[in-house]
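Counting in this note's numbering, the sequence shown runs from 1291 upward without gaps.
Just so it is clear, CB atoms sit at the ideal spot from N, CA and C, and this is done for glycine as well.
Note that the coordinates shown come from a computational prediction; the quantities given were computed from them, not determined experimentally.
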Amino acid sequence: MALPVEDILAIQKLAADYNHLIDSGSAEAWAQLFVPDGTLEFGMPEGVKGHEDLAAFAATINPATRHVISNLSIDGEGEEAVASVYLEVYYTAPPGQPRELAITGIYRDQLRKEGGRWRYVSRQMMPDLGDWAAAPETIPGL
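If you want it as structure tokens, here you go:
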């Protein structure tokens, strides 16, 4: 049985909240979008795991960074779901300088509904444009 519309809308809101919270510097609130032992993987050998480390990671993100998503696809049943979504990350430069597309890729998500709330169990970012290894040098806080 497919997920009810209410769950699909809640997962869409989760994805939007993820971007707004990390881009606004709300590290603690952003980390709470994950289950307590949730993981974020994006090219680091072990990723980032657990609320404390997730919040510490989010606190390093440059406030001029903008995460933009599209083509969110959600499948699931009951209290479990998977999702994939396209990602573009921009660096909003100071006035008079061009905005830079830092990276594009796809998020692959495992989600769980606990206590009536959808959260990320794992989020894996798979880049398809840009040099992720060089990003810290070219775009501070990324």
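| Query | Result |
| --- | --- |
| Cβ neighbour criterion (16 or more within 10 Å) applied to Arg1389 | exposed |
| Burial state of Gly1405, where buried means 16 or more other Cβ atoms lie within 10 Å | exposed |
| Inter-residue Cα distance where the pair is Gly1366 and Ala1292 | 6 Å |
| Cβ distance (whole Å) where Tyr1380 is taken to contact Arg1356 below 8 Å | 5 Å |
| The ligand ZN heavy atom lying under 7 Å from the CB of Ser1314 | For the ligand ZN, the structure offers nothing, since it holds no ligand at all. |
| Spatially closest choice to Asp1327 from Leu1377, Tyr1376 and Gly1340, by CA coordinates | Gly1340 |
| Distance, Gly1386 Cα to Trp1320 Cα | 31 Å |
| Leu1299 burial status per 10 Å Cβ neighbour count (16 or more: buried) | exposed |
| Contact set for Trp1408: own chain, Cβ-Cβ below 8 Å, skip 5 residues either direction | Asp1297, Ala1300, Ile1301, Leu1304, Ala1371, Leu1401 and Arg1402 |
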